[in-house]
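Respectively, the protein sequence lines represent chains G and E.
For the first sequence, our numbering assigns the number 2 to the initial residue and increments by one for each residue that follows.
For the second sequence, our numbering assigns the number 1042 to the initial residue and increments by one for each residue that follows.
Working notes for the structure below.
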Amino acid sequence: MMRLSGKDLRCVRGGREVFAGLGFAAPSGEALAITGPNGSGKTSLLRVIAGLLVPSEGSITLDGGEAELTVAEQAHYLGHRDALKPGLSVLENLSFWRDFLGGEADDVGQCLTSVSLDHATHLPAAYLSAGQRRRLSIARLLVVRRPVWLLDEPTSALDTKGQDVFVGLMRDHLTRGGIVIAATHTPLGIDATEMRMRAAP
Amino acid sequence: MTALSALIRRDIRIALRVGGGALIGVLFFLTVTVLMPFAVGPDLALLTRLGPAILWLGALLASLLTLDRLFMADHEDGSLDLIVMSRTPLELACAAKALAHWLAAGLPLIVATPVLGLLLNLDGTATLAVALTLLAGTPALTFTGMIGAALAVTLHRGGLLLAVLVLPLSIPVLIFGVAASQAAITGPLSFGTPFSILCALSLVSFVVGPFAAAASLRHGLD
């Protein structure tokens, strides 16, 4: 049983306080939806959890995870940017992340099939549409197992079918005991605890 | 280990594909060296004397030319976030990226040196000496340049800043690289002394470069 929690988090960016005194908790098998107006600090919070921003106060702990790994090392981060190289093919992009991220890995071809990109394996990523690029990023979440998924507007650019597929994938992840934390404006499609961020002063 | 070799293979593959940076450096090196005899004039003795310095300057500028993309490209598409988050220590990932950059952009310069030496009226020994000093010295340029690339990563149009930051660090490499080549051609110094210092500079940069670059990447992310 894992539990990801943050306590008294305070984040300052560019001299402006984005949020302060923020706490959250997400036990395994549950999803946390971070909502709020633009500029309220949803992305900042995700990046703080991912270890990409250093909070000026507070701490983040993952109870029940692997003790010698940091939270970031046990998390997947799906940000606005797709982390794809246009010159490499779909297969090469995904294989790279599987080899580089390491840990428990799945078959690349099977992951591409689950996001219905199996017909485009040898296409350079430069020729993918925005929705297909997103699908390929989502395949990264599947190819290497990480207990925590940090998702920033995960369904943007996805068509309705793609959104349904993604909802299914999140559900599978939760039933396996994973944790999902998603910043979103649209309903996630799964049962999620909502955490509303207030607009920054 | 798989992670690092995957990173090296990916970076080399991107550099060699169309639009990658590997050939740009060599083409620039070629242009500078080919133009130099036209600028200096057909004085063969003068060309021989200037040859090592011209080749070294060309190689230095060519390796700076593509260095600003070292982290910038990964930062722009979000890959850098995932590299920072990964289980691979950032210092090792930086070293792997620099190694891949050197293999794709630095090594071709050394391979091109014998051909370009002909244009500067360098004989076999001189060309070999220059190629050898480049082989020992260009890693230092890449690994110190990496620090500048990491500092400039969050800045738009950081290329010029990179040059300003990195050039002072590369002056010792240039001095001892040219000194070793000249020593091999004309003497009176022995080749070994400046060459050992050149190797030492490279070894120092292998240690300092990855740590400094990783520190500035961690600090600079937003």
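Ideal Cβ placement from N, Cα and C applies to all residues, glycine included.
Computed from a predicted model, the values in this text were never measured in an experiment.
Check whether the region 150 to 157 of chain G and the region 174 to 191 of chain G are in contact - that is, three or more C-beta pairs closer than 8 Å.
Result yes; three or more Cβ-Cβ pairs closer than 8 Å.
Determine the chain G residues that contact E/A1047 at a beta-carbon separation under 7 Å, and present them in chain order.
Along the second sequence, read from residue 1 onward, the residue named residue 1047 of chain E stands at position 6. The contacting residues are F97, D100 and F101.
To the nearest angstrom, how far is the alpha carbon of E/A1063 from that of E/G1200?
Working through the second sequence from its first residue, we reach residue 1063 of chain E at position 22. Working through the second sequence from its first residue, we reach residue 1200 of chain E at position 159. Going by the C-alpha atoms only, they are around 17 Å apart.
What in chain E is Cβ-close to G/R82, meaning under 7 Å?
Against the first sequence, residue 82 of chain G aligns to sequence position 81. The contacting residues are D1118 and G1119.
Could you check which residue in E/S1243, E/L1202, E/L1210 and E/A1225 has the C-alpha nearest to that of E/A1170?
Within the second sequence, residue 1170 of chain E is the residue found at index 129, counting from 1. Nearest C-alpha to E/A1170: E/A1225.
Specify the secondary structure class of E/V1194 as computed by DSSP and reduced to three states.
Here the question's residue 1194 of chain E lines up with position 153 in the second sequence. In the structure shown, E/V1194 sits in coil (DSSP, three-state: anything other than H, G, I, E or B).
With a threshold of 8 Å between beta carbons, is E/L1071 in contact with chain G?
Walking along the second sequence from the start, residue 1071 of chain E turns up at place 30. It does not; no Cβ of chain G falls within 8 Å.
Whole angstroms are fine: how far does the CA of G/V109 sit from the CA of G/S96?
Taking the first residue of the first sequence as 1, we reach residue 96 of chain G at position 95. Taking the first residue of the first sequence as 1, we reach residue 109 of chain G at position 108. Using only the alpha carbons, I get a separation of about 7 Å.
Among G/P56, G/R146, G/M3 and G/S60, which residue has its Cα nearest to the Cα of G/C112?
For the purposes of this step, residue 112 of chain G is taken as residue 111 along the first sequence, with counting starting at 1. Among G/P56, G/R146, G/M3 and G/S60, the Cα nearest to that of G/C112 is on G/R146.
Less than 8 Å between the beta carbons of E/A1190 and E/V1067, yes or no?
Position 149 of the second sequence, counted from the start, is the residue given in the question as residue 1190 of chain E. Position 26 of the second sequence, counted from the start, is the residue given in the question as residue 1067 of chain E. Not in contact: E/A1190 and E/V1067 (Cβ atoms no closer than 8 Å).
Just curious, the alpha helix (DSSP H) that E/P1264 is in, first and last residue?
Nothing about residue 1264 of chain E can be read from this structure; chain E reaches only from 1042 to 1263.
Would you check if there are 3 or more beta carbon pairs closer than 8 Å linking the region 1090 to 1098 of chain E to the region 1067 to 1080 of chain E?
In short, these stretches touch, since the Cβ pair count reaches three.
Compare the C-beta of E/G1329 with all C-beta atoms of chain G and state if any pair is closer than 8 Å.
One cannot answer for residue 1329 of chain E here, as it falls past the ends of chain E, which runs 1042 to 1263.
For chain E, find out if any of its Cβ atoms is closer than 8 Å to the Cβ of G/K86; answer yes or no.
Walking along the first sequence from the start, residue 86 of chain G turns up at place 85. Yes, because at least one Cβ of chain E sits closer than 8 Å to the Cβ of G/K86.
Measuring alpha carbon to alpha carbon, tell me which of E/M1113, E/L1131, E/I1055 and E/L1102 ends up nearest E/A1256.
Looking up residue 1256 of chain E in the second sequence gives position 215. Comparing Cα positions, the closest option is E/L1131.
For E/D1122, report the span of its beta strand (DSSP E) as first-last.
Within the second sequence, the letter at position 81 stands for residue 1122 of chain E. Note, E/D1122: premise wrong, no beta strand (DSSP E); alpha helix (DSSP H) at S1120 to M1126.
Considering only residues of the region 76 to 122 of chain G, which uninterrupted beta strand (DSSP E) runs meet the minimum length of 3 residues and lie entirely inside it, listed in chain order?
Correct list: 76 to 79.
Hey, does G/L92 have any beta-carbon neighbour from chain E nearer than 8 Å?
What you label residue 92 of chain G is simply residue 91 of the first sequence in a count that begins at 1. No - not a single Cβ of chain E is within 8 Å of the one on G/L92.
Is the CB of G/G52 under 8 Å away from at least one CB in chain E?
Walking along the first sequence from the start, residue 52 of chain G turns up at place 51. Yes, G/G52 lies at the interface with chain E (some Cβ there is under 8 Å from its Cβ).
Can you confirm whether the region 1128 to 1147 of chain E touches the region 1166 to 1186 of chain E when touching is taken to mean that 3 or more C-beta pairs between the two stretches lie within less than 8 Å?
Yes: at least three Cβ pairs fall under 8 Å.
What residues in the region 1117 to 1144 of chain E bring their beta carbon closer than 8 Å to a beta carbon of chain G?
Flagged, chain order: E1117, D1118, G1119, S1120, D1122, L1123, I1124, V1125, M1126, S1127, R1128 and T1129.
Can you round the beta-carbon distance between G/A140 and G/P87 to whole angstroms, since I take them to be within the 8 Å contact cut?
Position 139 of the first sequence, counted from the start, is the residue given in the question as residue 140 of chain G. Position 86 of the first sequence, counted from the start, is the residue given in the question as residue 87 of chain G. Not a contact, Cβ separation roughly 17 Å.
Measuring alpha carbon to alpha carbon, tell me which residue in E/S1222, E/I1095, E/V1073 and E/L1101 is nearest E/L994.
No information on residue 994 of chain E is available, as it lies outside the stretch 1042 to 1263 that chain E covers here.
State the CB to CB distance for the pair G/T36 and G/R197, rounded to an integer number of angstroms; the pair is presumed to be in contact (CB under 8 Å).
By 1-based counting over the first sequence, the position of residue 36 of chain G is 35. By 1-based counting over the first sequence, the position of residue 197 of chain G is 196. Right, the Cβ-Cβ distance comes to about 5 Å (below 8 Å), so this counts as a contact.
Hey, G/F20 and G/L53: beta-carbon distance below 8 Å or not?
The residue given as residue 20 of chain G occupies position 19 in the first sequence. The residue given as residue 53 of chain G occupies position 52 in the first sequence. Cβ distance not < 8 Å, so G/F20 and G/L53 don't count as in contact.
Rounded to the nearest angstrom, what separates E/A1141 and G/G22 at their Cα positions?
For the purposes of this step, residue 1141 of chain E is taken as the residue at position 100 of the second sequence. For the purposes of this step, residue 22 of chain G is taken as the residue at position 21 of the first sequence. About 44 Å.
Between G/L10 and chain E, is any beta-carbon pair separated by less than 8 Å?
Position 9 of the first sequence, counted from the first residue, corresponds to residue 10 of chain G. Cβ-Cβ to chain E under 8 Å: no for G/L10.
Which of helix, strand or coil does DSSP assign to G/E58?
For the purposes of this step, residue 58 of chain G is taken as the residue at position 57 of the first sequence. G/E58 falls in the strand class under three-state DSSP.
Taking the straight line between their C-alpha atoms, what separation do you get for E/P1251 and E/V1081?
Locating residue 1251 of chain E in the second sequence gives position 210, counting from the first residue. Locating residue 1081 of chain E in the second sequence gives position 40, counting from the first residue. If I take the Cα positions, the gap works out to 39 Å.
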